[in-house]
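Residue numbering for the sequence shown is 74 to 173, as defined by our numbering. Inspection log for the structure reproduced underneath, given as structure tokens.
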Amino acid sequence: MQHFDFVHGGRKIKGIEIIGHLQPLGEEPSKDIKSRIYDTMGSTFDYVYELEGDTLTIWGGEKGSPAYYKGKFSDDGNTLSGSWVYPGGGGYEATTTRVK
């Protein structure tokens, strides 16, 4: 579970993201790690996570989507730095820091 509180495009956005393997009733857990975000703007978003070494890719919607984030973890694992890429050339850089 991840709580977030940030300013993007001049708007303050707070929310929660639940991350894990989907497991429909009576079925095995999904292979992919998925998440759903709920925020104070009234939005919900679904993502698929892929971790290879120290590189994290977060696909918007489904794996292979043209909307994605790609970032690298610091050596101590407390910082994740990368960029969101959107279809049509949009996107932004983002740095995430673990708060204990």
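Ideal Cβ placement from N, Cα and C applies to all residues, glycine included.
- Looking at the DSSP output, Lys-145 shares a beta bridge with Thr-128, Ser-154.
- Judged by their CB atoms, Ile-131 and Tyr-122 are nearer to each other than the 7 Å cut-off.
- Distances from the CA of Arg-84 to each of Lys-143, Thr-113, Thr-128 were compared; the closest alpha carbon is that of Thr-113.
- Each residue's CA atom was taken as its position, placing Gly-115 and Gln-75 some 17 Å apart.
- In the DSSP assignment, Val-80 falls within the beta strand (DSSP E) that extends over 75-81.
- Between the C-alpha atoms of Lys-173 and Ile-89 there is a straight-line separation of about 16 Å.
- Listed in chain order, the non-local C-beta contacts of Lys-136 below 6 Å within the same chain comprise Val-121, local neighbours out to five positions each way being set aside.
- Contact annotation: Ser-154 and Gly-164 have beta-carbon atoms that are not nearer than 7 Å.
- Its chain contains Lys-87 as the residues whose beta carbon lies nearer than 6 Å to that of Asp-78, once the 5 sequence neighbours on both sides are disregarded; these appear in chain order.
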